[in-house]
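Asker: Numbering-wise (the working numbering), the sequence shown opens with residue 448 and increments by one.
Backbone N, C-alpha and C fix where the C-beta goes; we use that ideal spot for every residue, glycine too.
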Amino acid sequence: MMQSATVPAEGAVKGLPEMLGVPMQQIPQCAGCNQHILDKFILKVLDRHWHSSCLKCADCQMQLADRCFSRAGSVYCKEDFFKVPGTKQ
Ligand SMILES: [Zn+2]
Ligand SMILES: [Zn+2]
């Protein structure tokens, strides 16, 4: 897993825009991983685009593909958004 992170992502992305007929600059970049998003489903949260797998709760890191709540520029799951600060279970 560590190995794949060091491989430049360009190789995988190159050629795809031509296949899709879309200029590279029109492909949204993920605010989470800064890669272009070539998924069918693009999440738009806080005026930024996200891979469905990159949008995670700032608190518990849960994936938020389903629904999410934002506050002060961060994204949270329902539980963390509504939980009262200072209370611990
Ligand atoms: Zn991403
Ligand atoms: Zn959470």
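Taking the Cβ atom as the reference point for each residue, do residue 504 and residue 523 lie within a distance shorter than 7 Å?
Answerer: In this structure, residue 523 lies closer than 7 Å to residue 504 by Cβ.
Asker: Return the chain-ordered list of same chain residues with a C-beta closer than 6 Å to the C-beta of residue 454, the five sequence neighbours on each side being excluded.
Answerer: Confidence at residue 454 is low in this model, with a pLDDT of 47, below 50, so its placement is unreliable and no value can be given for it.
Asker: Bridge partners for residue 491 per DSSP, in chain order?
Answerer: 496
Asker: Comparing alpha-carbon positions, which option in 521, 469 and 492 lies nearest residue 507?
Answerer: 521
Asker: Within the continuous alpha helix (DSSP H) that includes residue 527, where are the two ends?
Answerer: 525-529
Asker: So, using beta-carbon positions, are residue 498 and residue 475 closer together than 7 Å?
Answerer: no
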